[in-house]
Structures are given as structure tokens and as C-alpha cells.
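Here is the structure we will look at, set down as C-alpha cells.
Laid out in C-alpha cells, this is it:
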């Protein structure tokens, strides 16, 4: 069940008012605290990708790992591509692997390359929750990347807190509220007791204080 939009907008307006102006475009952040959920049980852990209806304001960065014709198609479409040869050259080079992991928010890869990716990049991407999404070599890379560019990770793994960006400060409040409700609905579907497992919800600007969203 979505939260009343006006309550979210009210919190967003207060967050804007309490955030000092900065010389950069601040992100709008969503923080959700959970309760009565045992994350030691694997079935209660959450790691979801949620596509936001109104985008992030600042697109997520996506890398395509591919070879041969698939890599060529992705390059022609103007996508960022890591080819098999370059991937193989990173074996044993943890510094380059870390740099790659920090450079991109999401990775997609030709399914046949996944074992190789697991060996070379797995130790770096795995702990960051950034292991590539496997796709067929014939996949429409452009459509997949376009969706990921407006996608956020919703994660509750070790601690009962969810944090994600939902847009930027120059976005309309209603667009932000719709994004926030999209995340909340996705989370609600995964929680054993739905919103009853939610203790509190906050919104904030990057450098501003958190403002609570009333939802009871």
C-alpha cells in the first residue's frame, strides 16, 4: 500500500528548507529503518533492483561486459563496454578491478562470460553487490541499460536499514514522491509483514538533516 503522497511531499519540502545551499546538485536520499525482522535468516534478507518511474535525475552508470558481435553491437549503440580481452588482462590486478567497481553502478554481461567474470572480478564486485546481471548474447543491451540507468538497489542484508537515492534536488516533489512510493512498494512486497516491519522513513538532501515521513 503506497504512502499518502502529500505526506511525502511535506517531508521533502521541509528537507529542502533545512538543507543549506551547496555549489553542487544534491541528491535526494531515502532512509528506511526496519523492525521485527531477523536478518540472520537468509529468507529475510533483501537485495532488489527497483526501476524508478521518474529516473534518478543523474543517471546510474552501467558497464556491458561482452565479446565478439555482442560487444560490437553494444559499442555501436554508444554503451560503455568491457571486452573479454580487457577482462582477461585484469586477472590478478586487484587495483584495476577496484577502480572498475567504483566507476560503475551496474554491470551486465553475456551469460557465457559469467564464470570468467566470477574468477576475475567476483572478489571485488561480489562484496559490493555489483555482480553482473547475465543476459543472452542476442539481448537488446540498449533497452536493458536504459532501464538500469534509472534503477536503484534496495538492500537490507546485515543491518535493518535501507538507504538509496531517489532523485536530485532539482526534480519536482511529486516526481520524487512517486519514486519514493515505488521503492516502498517494492520493499513492502519483500518484507514478511509488509509495512508493519517498517519502523520509520526519512528523506534528506545529500548534506542536509533527515526529515521523517509520517505514514501511520
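Numbering (my numbering), first residue to last: 1036 to 1251. For glycine and all other residues, C-beta sits at the position ideal for the given N, C-alpha and C.
Just curious, the beta strand (DSSP E) that residue i is in, first and last residue?
| i | result |
| --- | --- |
| residue 1235 | 1233-1240 |
| residue 1169 | 1168-1170 |
| residue 1143 | 1141-1145 |
| residue 1183 | Premise fails: residue 1183 lies in the alpha helix (DSSP H), 1176-1183, not in any beta strand (DSSP E). |
| residue 1086 | 1081-1086 |
Within 10 angstroms of its Cβ, does residue i collect 16 or more other Cβ (buried), or is it exposed?
| i | result |
| --- | --- |
| residue 1141 | buried |
| residue 1138 | exposed |
| residue 1107 | exposed |
| residue 1102 | buried |
| residue 1053 | exposed |
| residue 1121 | exposed |
| residue 1243 | buried |
| residue 1058 | exposed |
| residue 1078 | exposed |
| residue 1145 | buried |
| residue 1251 | exposed |
| residue 1126 | exposed |
| residue 1239 | buried |
Considering residue i, what are the terminal residues of the alpha helix (DSSP H) in which it resides?
| i | result |
| --- | --- |
| residue 1218 | 1208-1225 |
| residue 1123 | 1119-1124 |
| residue 1103 | 1103-1111 |
| residue 1245 | Neither: residue 1245 is in no alpha helix (DSSP H) and is coded neither H nor E. |
| residue 1202 | First-last for residue 1202: 1196-1203, but that is the beta strand (DSSP E), not the alpha helix (DSSP H). |
| residue 1152 | 1149-1155 |
| residue 1049 | 1040-1053 |
| residue 1136 | 1129-1138 |
If you compare alpha carbons, which of the options is closest to residue i?
| i | options | result |
| --- | --- | --- |
| residue 1160 | 1070, 1130, 1090 | 1130 |
| residue 1136 | 1251, 1162, 1154, 1211 | 1162 |
| residue 1247 | 1046, 1132, 1126, 1232 | 1046 |
| residue 1128 | 1238, 1242, 1146, 1154 | 1154 |
| residue 1218 | 1200, 1170, 1143, 1059 | 1200 |
| residue 1149 | 1239, 1244, 1178, 1119 | 1119 |
| residue 1205 | 1133, 1151, 1244, 1061 | 1061 |
| residue 1112 | 1193, 1175, 1070 | 1175 |
| residue 1178 | 1114, 1093, 1078 | 1114 |
| residue 1132 | 1145, 1166, 1078 | 1166 |
| residue 1073 | 1210, 1194, 1151, 1221 | 1194 |
| residue 1170 | 1125, 1226, 1143, 1040 | 1143 |
| residue 1241 | 1050, 1152, 1207, 1123 | 1050 |
| residue 1151 | 1134, 1124, 1164, 1173 | 1124 |
| residue 1172 | 1220, 1236, 1093, 1147 | 1147 |
| residue 1089 | 1198, 1134, 1168, 1207 | 1207 |
Is the beta carbon of residue i sitting closer than 8 Å to the one on residue j?
| i | j | result |
| --- | --- | --- |
| residue 1097 | residue 1234 | no |
| residue 1082 | residue 1190 | yes |
| residue 1099 | residue 1180 | yes |
| residue 1065 | residue 1215 | yes |
| residue 1186 | residue 1095 | yes |
| residue 1067 | residue 1222 | yes |
| residue 1196 | residue 1087 | no |
| residue 1212 | residue 1040 | yes |
| residue 1209 | residue 1038 | no |
| residue 1202 | residue 1063 | yes |
| residue 1048 | residue 1249 | no |
| residue 1164 | residue 1182 | no |
| residue 1071 | residue 1225 | no |
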